[in-house]
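What follows is a single structure, written as structure tokens, with notes after it.
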Amino acid sequence: MDAEEARHDLEQARQSYRSSVEPRLPAWAPPTCGFLLGAALALGGFSPSPHWLKALTIGGGLLLALAADQILTRIRARQGITGLRGPAREKRRRTVNACAAILICALAVSPDLRWIWSGLGLAVFLCTWFMLHKQVRA
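Yeah, the sequence shown ends on 197 if you go by the numbering used here, and it's all consecutive.
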């Protein structure tokens, strides 16, 4: 085996690992997941006055975020990738920690900060779309 063939084999192994960790996404997935996550954040910060209505909006935000996660999980499953390995597991752990912090902040938000949360929702929408767009099929 010469050096060129060894480099080629190593690149094939790296490409195989990358595709198993971060599979290719269809073009509709990044904007859909971005919208769901942005709407979840904006809805979590809506914060109406009655506590039961506040809990309802935060629960709706959680459901939207879980829907985005399920979309990505089902796309991975259709491609034959089950479970999380390597960097995908670390990304999931960081995302869950960030969601827990946002949830705690949403419980204490005042109605005066709705516009800030709406702006954060828009930023999350754009950031998620951009980050997931890297995985769209060429």
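In this text, a Cβ means the ideal position worked out from N, Cα and C, and glycines have one as well. Please read all numbers here as calculations on a predicted model, not as lab measurements.
For the ligand NAD, any of its heavy atoms closer than 8 Å to the Cβ of residue i?
i      : result
Ala124 : Of the ligands one can find in the structure shown there are none, so the ligand NAD has no counterpart to examine.
Just to check my reading of the structure: residue i and residue j have Cβ atoms closer than 8 Å, yes? What is that Cβ distance to the nearest angstrom?
i      : j      : result
Leu102 : Gly120 : 4 Å
Trp176 : Leu100 : 7 Å
Leu95  : Ile134 : Their Cβ separation, rounded to whole angstroms, is 14 Å, which puts Leu95 and Ile134 out of contact at 8 Å.
Excluding the 5 residues preceding and the 5 following residue i in the sequence, name in chain order all residues of the same chain whose CB lies nearer than 7 Å to its CB.
i      : result
Trp188 : Pro89, Pro90 and Gly93
Leu172 : Gly104
Assign residue i to one of two classes, buried (16 or more other C-beta atoms within 10 Å of its C-beta) or exposed (fewer than that).
i      : result
Val195 : exposed
Ala127 : buried
Leu122 : exposed
Gly178 : exposed
Ala114 : exposed
Gly139 : exposed
If I measure Cβ to Cβ from residue i and keep anything under 6 Å in the same chain, skipping five residues before and after, which residues do I get?
i     : result
Ala98 : Leu123
Pick out whichever of the options has its Cα sitting closest to the Cα of residue i.
i      : options                          : result
Ala167 : Ser108, Gln71 and Glu81          : Ser108
Ala157 : Val183, Ala114, Arg133 and Ser75 : Val183
Item to check | Contact between the region 104-114 and the region 141-158 (3+ Cβ pairs under 8 Å) | outcome: no
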